[in-house]
Amino acid sequence: MMPRKSVKKKVDLKKLLTPKNYLVAGIILLVAAFWFFRNYFIVATINGQPISRFELSGRLYSQFGDQILESLINERLIMGAARQQGIFVTAEELDARQNEIEEKIQEQMSLEEALKLQGLTPTTFRRQLEIQLSIEKMFEKESTVSAEEIDNYVTDNAALFQESTDAAKMKKDATEILKQQKLNEKYQTWFEKVKQEAKVTKNI
Numbered sequence: 182m183m184p185r186k187s188v189k190k191k192v193d194l195k196k197l198l199t200p201k202n203y204l205v206a207g208i209i210l211l212v213a214a215f216w217f218f219r220n221y222f223i224v225a226t227i228n229g230q231p232i233s234r235f236e237l238s239g240r241l242y243s244q245f246g247d248q249i250l251e252s253l254i255n256e257r258l259i260m261g262a263a264r265q266q267g268i269f270v271t272a273e274e275l276d277a278r279q280n281e282i283e284e285k286i287q288e289q290m291s292l293e294e295a296l297k298l299q300g301l302t303p304t305t306f307r308r309q310l311e312i313q314l315s316i317e318k319m320f321e322k323e324s325t326v327s328a329e330e331i332d333n334y335v336t337d338n339a340a341l342f343q344e345s346t347d348a349a350k351m352k353k354d355a356t357e358i359l360k361q362q363k364l365n366e367k368y369q370t371w372f373e374k375v376k377q378e379a380k381v382t383k384n385i
């Protein structure tokens, strides 16, 4: 008895590639994509009722859109000016400033707890540090203080230092306060001018 030869059936692609089959395949792909990315589209469910990411984004946009946009515009203006002056902040500088902050608040709370109270993520916090350090570098020369200014501040504000007996620490604290005051004054004057001269177009 002769063995049967396998018969290969030719597939007619024209019959498969019909509009109907395209539609079915498209629906299947959409369902599969939705299932795979369901956690991206659905941010929460309450008693089986979903809250979509689009609903959340829309609510946030309507309530805080202007505020967030204004903050982003300010960021771009500051960082753009810093870059033009060749000012950059290194990862080491960010780490050093973060460590300073952690040391100052460690008796009250951890940095993680402080960020949660402020509603900040570590990434957002680092970004704010970068902006602050960029501002400090831009106005470093203008915010220097003299020994006379420091002594006068300690004398005029004796009540602030009445619990301290360490003269070096008092001068250090006074220096930081005076530098921050000068920095804020210079920055505010500069930023108001930059904001007025900037060409900003809002599309919301």
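The sequence shown begins at 182 in the numbering used here and counts up one residue at a time.
Beta carbons are placed, not taken as given, at the ideal position from N, Cα and C, and that holds for glycine.
*asked:* Tell me the rounded alpha-carbon separation between K350 and E366.
replied: If I take the Cα positions, the gap works out to 24 Å.
*Could you tell me which residues DSSP pairs with Q230 in its beta bridges?*
BP columns for Q230 point to I227.
*Identify which residue in L253, I331, S233 has its Cα closest to the Cα of Q362.*
Comparing Cα positions, the closest option is I331.
*For E251, is the classification buried or exposed, using 16 other Cβ atoms within 10 angstroms of its Cβ as the cut-off for buried?*
If you draw a 10 Å sphere on the C-beta of E251, you find fewer than 16 other C-beta atoms in it, and that means exposed.
*Beta-carbon proximity of I268 to S324, cut-off 8 Å*: No, these two residues do not count as a Cβ contact at 8 Å.
_Can you look up S345 in the DSSP assignment and give me helix, strand or coil?_
Shown here, S345 sits in coil according to DSSP, grouped into three states, outside any helix or strand.
*Can you tell me which of R257, Q244, Y242, A225 puts its alpha carbon nearest to the alpha carbon of F372?*
For F372, the nearest C-alpha among the options comes from R257.
_Whole-number beta carbon distance between L359 and V335, since they are thought to touch under 8 Å_ = Rounded, the Cβ-Cβ distance is 10 Å, inconsistent with contact.
_Closest Cα partner of Q265 within the set M319, Q343, A355, Q377_ = Per the Cα distances, M319.
_Simplified DSSP assignment, three categories, for I249_ = In the three-state reduction of the DSSP assignment, I249 falls in the helix class, which pools H, G and I.
*Determine, using beta carbons only, whether R278 and L310 come nearer to each other than 8 Å.*
Yes, Cβ-Cβ distance for R278 and L310 is below 8 Å.
*Can you give me the start and stop residues for the alpha helix (DSSP H) that T271 sits inside?*
First-last for T271: undefined, no H or E at that position.
*Would you check if the distance between the CB atom of A263 and the CB atom of V375 is smaller than 8 Å?*
The Cβ-Cβ distance between A263 and V375 does not fall below 8 Å.
*Give every residue of the same chain whose Cβ lies closer than 8 Å to the Cβ of I232, excluding the five residues on either side of it in the sequence, and list them in chain order.*
Excluding positions up to five away in sequence, the list reads I223, V224, A225, T226.
*By how many angstroms is the C-alpha of F342 removed from the C-alpha of T271?*
Looking at the two C-alpha atoms, the distance is approximately 34 Å.
_Could you tell me the alpha carbon to alpha carbon distance between N384 and Q289, rounded to whole angstroms?_
Using only the alpha carbons, I get a separation of about 43 Å.
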